[in-house]
Each structure stands twice: as structure tokens, then as C-alpha cells.
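Structure record follows, encoded as C-alpha cells.
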Amino acid sequence: GENVEQHPSTLSVQEGDSAVIKCTYSDSASNYFPWYKQELGKGPQLIIDIRSNVGEKKDQRIAVTLNKTAKHFSLHITETQPEDSAVYFCAADTNAGKSTFGDGTTLTVKP
Amino acid sequence: GAVVSQHPSRVICKSGTSVKIECRSLDFQATTMFWYRQFPKKSLMLMATSNEGSKATYEQGVEKDKFLINHASLTLSTLTVTSAHPEDSSFYICSARLLAGTGELFFGEGSRLTVL
Chain L
3 GENVEQHPST LSVQEGDSAV IKCTYSDSAS NYFPWYKQEL GKGPQLIIDI
53 RSNVGEKKDQ RIAVTLNKTA KHFSLHITET QPEDSAVYFC AADTNAGKST
103 FGDGTTLTVK P
Chain B
470 GAVVSQHPSR VICKSGTSVK IECRSLDFQA TTMFWYRQFP KKSLMLMATS
520 NEGSKATYEQ GVEKDKFLIN HASLTLSTLT VTSAHPEDSS FYICSARLLA
570 GTGELFFGEG SRLTVL
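Right under this line is the structure:
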């Protein structure tokens with residue numbers, strides 16, 4: 003089955019700096035790669051996603067890049083703000099609709 | 470976006486009792502819903518896939534008699550933790566998609582279960 007590895011597990015940045023979280027996946031059949039943000043005591047929420055036919059996608063301060071050959075994708079957050087502090091999960095989905103999640107990255111943005 | 474509502478958000482029960490958690494899709498119909506368990510500072514562990522009108526599909530290692538799932542309508546799935554024990558204490562989350570196949574998962578707010 004699919005295996006998703008996520009790094010780093012914790013990340014601390016100064017407000018205004020950029021944050022990068024990386025994930026690798028193992029199943030070449032995976033074709034949808036979402037990123038979810040989870041705040042304490044709440045369910046995850048999608049912040050950005052990318053499909054396998056696209057190499058990069060951007061939405062304001064958030065961007066995701068995908069390298070299908072190397073089977074890795076990354077989340078980039080620029081101009082970080084304290085409200086960006088949360089746990090971020092990457093996931094890889096196959097056509098069957100099964101999502102495999104990374105272990106999560108706890109991002110702390112220091113004011 | 471679509472809304473998935475989960476209830477209750479917190480529940481405390483005594484050992485040996487059963488607890489039911491509801492997951493509702495408020496503005497869309499979900500033929501499939503997913504149930505996860507999340508331990509502190511850990512990732513989401515898929516427990517089962519709930520299919521409307523049919524039996525749930527459980528992941529390896531998840532006891533189907535312990536965690537009963539019922540998906541009786543296109544907008545409601547329930548998870549019942551039977552004969553709960555302290556080790557069942559956890560954060561339980563459900564999710565659903567607007568369409569079958571791949572695509573954004575809409576998550577409920579989660580239910581914190583504490584078994585005394």
C-alpha cells in the first residue's frame with residue numbers, strides 16, 4: 003500500500019519568514035495530493051491541493067509543488083503569521099479514494 | 470464549501486458503557502464517509518470506511534464488533550464504541566467527499582472521548 007513520509011515533524015519560524023514542509027510517497031498510482039491544516043481540538047481543513055498533472059499551484063501565501071518522478075511534494079508558506087501555527091498534514095490519494103496521511107508537522111510561528 | 474458536523478464534541482463515559490458518535494453531511498449527500506482515530510500529536514489513523522446502505526469496510530486491526538458503524542442514510546453515519554474501556558479514549562474524526570473517488574475531504578470537528 004501507499005506510504006507517506008512527512009518532514010520535519012516540528013518547525014519553528016519567526017513571523018514573516020517562510021516555512022517549507024516536505025512529503026514523499028511510494029505509490030506511483032497516487033494522483034491527488036492535498037494539504038490539511040489542523041488547529042488544536044478541531045478537525046483538519048484543506049488549505050491547498052494538487053493533482054498529478056500539475057507541477058505547482060499557488061494560492062496567495064501558500065504554494066504546493068509536486069515532483070512525480072521523485073515522488074515528492076512540498077508545502078510552502080510565505081510571510082508566515084502567528085495564525086499559521088497549527089499541525090499540517092500531507093496526504094496522497096489513489097483513484098480508489100483512499101487517503102494516506104503523513105505523520106504531521108507542528109508549525110509554530112513566533113511573533 | 471461542504472460542511473460535515475460531528476456530535477458530540479466531547480463525551481465522558483464510564484468503563485463498560487457504549488457511546489455513539491454521529492457524523493452528518495449538512496449540505497450534501499455522502500455515500501461514503503470515513504472514520505479516523507487520532508492520538509495526541511499523531512496522525513489520522515483510518516479505522517473504517519462507512520458505506521451507505523451496506524456494511525462498513527474496516528482497516529486491518531480494527532475490531533468491527535468493538536467499533537460499530539452504521540450508515541443508514543446519505544447524510545448520517547454513526548460510530549458506536551461498545552463496552553468502552555480507558556484505552557478507547559481518543560479523538561475520533563469523520564470525513565466525507567462531495568464526489569466519489571479523489572478530491573477534498575471535508576472533516577467533522579472531531580469528538581473527544583474520555584472513558585473513566
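These protein sequence lines are chains L and B, in that order.
Letter by letter, the first sequence follows residues 3 to 113 in the numbering used here.
Letter by letter, the second sequence follows residues 470 to 585 in the numbering used here.
Cβ atoms here follow ideal geometry from the backbone N, Cα and C, with glycine treated the same way.
Tell me which same chain residues have a C-beta within less than 7 Å of the C-beta of Gly57/L, skipping the five on either side of it?
Thr67 and Leu68
Contact list for Asn33/L against chain B, beta-carbon separation under 8 Å
Thr571
Are the Cβ atoms of Ser559/B and Gly577/B separated by less than 8 Å?
No. Outside cutoff.
Based on DSSP bridge pairs, tell me the residues matched to Leu513/B.
Gln507/B
Is the beta carbon of Thr526/B closer than 8 Å to that of Gln498/B?
no
Counting only C-beta atoms, is Ser512/B closer than 8 Å to chain L at any point?
yes
Residue burial classification, Gly522/B (beta-carbon count within 10 angstroms, cutoff 16)
By the 10 Å Cβ count, Gly522/B comes out exposed.
Which value, in whole angstroms, describes the spacing of the CA atoms of Thr12/L and Lys533/B?
34 Å
Kindly indicate if chain L contains any beta-carbon less than 8 Å away from that of Arg493/B.
For Arg493/B, the answer is no, since every Cβ of chain L falls outside 8 Å of its Cβ.
With a threshold of 7 Å on Cβ separation, who are the neighbours of Leu42/L within its own chain once the five nearest residues in sequence on each side are excluded?
Excluding positions up to five away in sequence, the list is empty.
Residues of the stretch 540-571 of chain B in Cβ contact with chain L at a cutoff of 9 Å, in chain order, please.
Those residues of the stretch 540-571 of chain B that come within reach of chain L (Cβ to Cβ, closer than 9 Å) are Phe560, Ile562, Cys563, Ser564, Arg566, Ala569, Gly570 and Thr571.
By Cβ distance below 7 Å, which residues in the same chain neighbour Ser487/B in space, the five residues on each side in sequence not counted?
Thr549, Val550, Thr551, Ser552 and Ala553
How should Thr547/B be labelled, buried or exposed, when 16 other C-beta atoms within 10 angstroms of its C-beta is the threshold for buried?
Counting other Cβ atoms within 10 Å of its Cβ, Thr547/B reaches 16 or more and is therefore classed as buried.
Once you ignore the five residues that flank Ser20/L on each side, which residues in its own chain have a CB closer than 8 Å to its CB?
His78, Ile79, Thr80, Glu81 and Thr82
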